[in-house]
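Asks: Have a look at the structure that comes next, please.
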């Protein structure tokens with residue numbers, strides 16, 4: 001394919017990436033005529049940031065043997081890095097920098113969408129309708145997650161219906177191991193520690209959640225705040241509680 005304009009590079013590279021992501025095998029030979037030396041490549045396509053970004057993202061979906069596509073990804077790095085040095089205060093600079101560090105193919109799409117809005121679209125004050133729609137969608141997902149957390153905290157498997165399979169498997173294993181452990185303690189000592197164990201796991205997972213929220217929001221916790229949460233997130237209290245119930249001389253009141 002002969003690219004007669006830089007706009008075609010962006011459009012074709014974007015279509016290529018989306019089709020590859022969708023599971024369609026698109027032949028990468030259509031990019032063969034773009035391959036040339038670094039100097040010629042930079043001179044020929046100038047500062048087509050949009051096209052370079054699309055090509056770089058497309059190159060991340062190359063498969064074994066697609067040398068030309070891999071080489072194109074490397075060719076795009078130099079002009080993009082050079083553009084960043086000259087336009088570090090440009091609206092698109094953070095978006096370009098994030099793309100080079102975290103290509104879409106290797107990241108979670110929801111976090112990438114947020115990054116695009118914060119670093120690029122909001123700066124241009126455009127796409128207001130899409131921005132509103134994204135915020136509505138984000139609120140819906142947040143409410144769904146909150147409801148799932150509440151149901152999981154109650155130790156109810158019904159709350160995991162909409163979770164990804166890997167989370168369902170993890171929670172199912174946690175439920176089974178904890179219930180089996182409680183049954184073993186009951187047979188040995190005559191009481192069921194399930195409530196105490198549930199509280200210890202919920203406390204640990206809430207500590208993990210708090211650290212995830214800090215990371216997502218870019219929050220730098222104070223030393224005392226970090227240590228207070230870190231005491232829980234280490235998981236030591238969960239280990240000690242399980243070990244305690246295995247002791248032969250343990251006696252626990254009904255209130256526990």
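Numbering (the UniProt record's numbering), first residue to last: 1 to 256. For glycine and all other residues, C-beta sits at the position ideal for the given N, C-alpha and C. Here the structure is a predicted model, which means the values were calculated and not measured.
DSSP on residue 225, reduced to helix/strand/coil?
Replies: helix
Asks: Let me confirm a value: residue 9 is counted as buried when at least 16 other C-beta atoms fall within 10 Å, else exposed. Which label applies?
Replies: buried
Asks: Compute the Euclidean distance between the alpha carbons of residue 162 and residue 145, then round it to the nearest angstrom.
Replies: 10 Å
Asks: May I ask you to report which of helix, strand or coil DSSP gives residue 26?
Replies: coil
Asks: Comparing alpha-carbon positions, which option in 90, 86, 80, 87 lies nearest residue 101?
Replies: 80
Asks: Would you tell me roughly how many angstroms separate the C-alpha atoms of residue 207 and residue 245, rounded to the nearest one?
Replies: Going from the Cα of residue 207 to the Cα of residue 245 covers about 23 Å.
Asks: Between the C-alpha atoms of residue 143 and residue 149, what's the straight-line distance to the nearest angstrom?
Replies: 10 Å
Asks: May I have the straight-line CA-CA distance separating residue 74 from residue 56, to the nearest angstrom?
Replies: 8 Å
Asks: Please say whether residue 20 and residue 26 have beta carbons closer to each other than 8 Å?
Replies: Yes.
Asks: Are there three or more Cβ pairs, one per stretch, closer than 8 Å when the segment 191 to 207 is compared with the segment 172 to 183?
Replies: yes
Asks: Quick check: what's the CA-CA separation for residue 98 versus residue 107?
Replies: Roughly 11 Å separates the two Cα atoms.
Asks: Which of helix, strand or coil does DSSP assign to residue 74?
Replies: helix
Asks: Run through DSSP, which three-state label would residue 62 get?
Replies: coil
Asks: For residue 230, which of helix, strand or coil comes out of DSSP?
Replies: Judged by DSSP in its simplified three-state form, residue 230 adopts helix.
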